[in-house]
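Numbering (full-length UniProt numbering), first residue to last: 1 to 442.
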């Protein structure tokens with residue numbers, strides 16, 4: 001039996017494979033949720049049960065749709081796509097509308113662990129008053145975890161009076177301890193409202209510097225790469241292969257190591273650059289300690305890291321221009337400058353525009369250069385601690401998610417990530433529209 005042809009067949013196969021994966025995962029998750037309170041199962045139980053369901057399920061679906069067996073090779077790739085791409089995206093969107101943080105992490109707070117003295121069904125008697133032991137007031141509706149040796153279960157408090165606790169369901173084992181769960185809650189648009197309320201201190205200045213950083217980096221790298229590419233493309237230049245190799249060294253070295261070397265070179269007191277300036281009679285420059293100079297330092301270091309890529313791209317594009325065009329221009333009496341403006345630059349435009357756009361997109365979210373060189377600093381008056389002088393949107397999101405006010409604010413960081421996504425898509429669409437990169441050629 002042949003599979004349905006065209007797009008219909010592809011979509012049907014994809015739907016059946018997705019259904020098989022989701023059904024297997026759902027059964028594994030359901031089995032874990034039902035059995036975990038009684039057997040204290042490890043997390044990998046979900047995967048084991050899912051595989052036990054998927055194998056016979058694949059056989060059964062293969063009998064109903066014999067042509068689908070040819071698509072089973074696609075199952076591992078689809079599973080990895082769901083787990084490592086779609087699931088993180090969905091989780092980010094979900095957390096953006098919650099107050100999930102290091103404090104509200106949906107885990108039991110072991111500092112509230114209290115021994116259970118007596119148990120009668122869903123009613124527990126604790127060794128201390130509930131409000132003091134679990135640090136809740138009022139306690140009604142608060143989630144708790146009840147556990148014993150090899151058992152644990154989550155429930156909600158219906159009533160709390162003195163040391164007595166009434167749960168919404170009875171533990172199926174003899175409880176030994178109870179602890180409050182640091183549950184996170186759905187907060188709607190609260191995270192986005194907070195970001196907009198602090199826009200003058202974080203969003204607007206960070207976004208403005210982000211655009212300047214990405215644009216200036218692309219322009220500087222493209223200009224230097226173009227100049228060097230034109231020079232090295234001259235076939236009459238001696239040792240040009242040696243120069244190419246020498247100029248590509250900064251691209252070949254790992255960026256993490258290179259940036260750390262630049263941090264040492266730009267040190268205010270002991271850096272080699274300031275020492276050299278001192279020999280020349282110039283006062284030391286606070287490369288990494290002053291907000292404006294720190295931005296200059298980032299652009300210079302990123303120029304060092306990025307110009308070899310633009311140089312290589314320019315050389316590749318120049319190699320596609322036929323020599324006959326230049327010969328015809330010389331015959332017509334054109335000067336080298338006229339050949340550059342009339343032949344070289346127009347023919348470079350089409351292959352270089354996609355490269356420039358992709359470079360802008362990369363540098364718009366270039367986290368590692370900011371994080372390793374300045375850490376987003378130095379601090380600037382009137383700005384949030386997580387949105388300092390050289391922070392870009394992605395480093396602001398990272399610092400908010402992992403170090404906001406001494407704890408992790410994952411929900412707020414996820415909300416910033418969604419804003420970054422929306423801004424990036426908008427800028428990309430504008431770039432594509434203005435440059436005509438996606439325009440069909442008739």
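For each residue, glycine too, the CB sits at the ideal point set by N, CA and C. No experiment lies behind these values; they were computed from the predicted model shown.
In the DSSP assignment, the beta strand (DSSP E) including residue i goes from what residue to what residue?
| i | result |
| --- | --- |
| residue 94 | Taken as a continuous stretch (DSSP letters only), residue 94 belongs to no beta strand (DSSP E), being part of the alpha helix (DSSP H) at 87–95. |
| residue 63 | Premise fails: residue 63 lies in the alpha helix (DSSP H), 45–64, not in any beta strand (DSSP E). |
| residue 5 | From DSSP, residue 5 is part of no beta strand (DSSP E); its letter is neither H nor E. |
| residue 152 | 151–161 |
| residue 143 | 143–148 |
| residue 187 | Careful: residue 187 lies outside any beta strand (DSSP E) and carries neither H nor E. |
| residue 471 | The structure shown has nothing for residue 471, since the chain only spans 1 to 442. |
Compare the C-alpha of residue i against each of the options and name the closest.
| i | options | result |
| --- | --- | --- |
| residue 174 | 76, 119, 199 and 219 | 119 |
| residue 71 | 89, 258, 17 and 403 | 17 |
| residue 4 | 36, 48, 23 and 67 | 67 |
| residue 221 | 355, 90 and 15 | 355 |
| residue 423 | 182, 410, 24 and 364 | 364 |
| residue 190 | 427, 434 and 413 | 413 |
| residue 125 | 144, 403 and 161 | 161 |
| residue 41 | 151, 230 and 121 | 151 |
| residue 320 | 233, 330 and 204 | 233 |
| residue 14 | 417, 59 and 69 | 69 |
Is it true that the CB of residue j sits closer than 8 Å to the CB of residue i?
| i | j | result |
| --- | --- | --- |
| residue 123 | residue 164 | yes |
| residue 389 | residue 375 | no |
| residue 393 | residue 369 | no |
| residue 156 | residue 168 | yes |
| residue 214 | residue 383 | no |
| residue 403 | residue 386 | yes |
Which residue marks the beginning of the alpha helix (DSSP H) containing residue i, and which one marks its end?
| i | result |
| --- | --- |
| residue 371 | 367–373 |
| residue 190 | 190–197 |
| residue 308 | 291–318 |
| residue 383 | Unbroken run through residue 383: none, as it is neither H nor E. |
| residue 223 | 203–232 |
Take residue i and list the residues in its own chain whose beta-carbon comes closer than 8 Å to its own, dropping the five residues that flank it on each side.
| i | result |
| --- | --- |
| residue 278 | 284 |
| residue 176 | 115, 116, 147, 148 and 149 |
| residue 106 | 100, 181, 182, 183 and 184 |
| residue 371 | 395 and 398 |
| residue 188 | 97 |
Report all residues from its chain with a CB closer than 7 Å to the CB of residue i; omit the five preceding and five following residues, and keep chain order.
| i | result |
| --- | --- |
| residue 1 | Low confidence applies to residue 1: its pLDDT is 44, below 50, so where it sits in the model is not reliable, and the reading given next is rough at best. Excluding sequence neighbours, residue 1 sits near 66 and 67. |
| residue 247 | 228, 308 and 311 |
| residue 82 | 21 |
| residue 328 | none |
| residue 46 | 28, 29 and 32 |
| residue 141 | 156 and 157 |
Could you pull out every residue in the same chain whose Cβ sits closer than 6 Å to the Cβ of residue i, ignoring the five residues on either side in sequence?
| i | result |
| --- | --- |
| residue 359 | 218 |
| residue 225 | 307, 310, 311 and 314 |
| residue 216 | 299 |
Less than 7 Å separating the Cβ of residue i from some heavy atom of the ligand SAH?
| i | result |
| --- | --- |
| residue 131 | With respect to the ligand SAH, the structure offers nothing, as it holds no ligand at all. |
*Do the stretch 256–270 and the stretch 301–318 meet, that is, are 3 or more Cβ pairs less than 8 Å apart?*
yes
*Is the stretch 125–141 in contact with the stretch 104–114, if contact means three or more CB pairs nearer than 8 Å?*
yes
_Would you call the stretch 44–54 in contact with the stretch 18–29, where contact means no fewer than 3 C-beta pairs closer than 8 Å?_
Touching, per the Cβ criterion.
*Could you say if the stretch 334–346 and the stretch 248–256 meet the contact criterion of at least three C-beta pairs nearer than 8 Å?*
no
*Three or more C-beta pairs below 8 Å linking the stretch 341–351 and the stretch 190–208*: no
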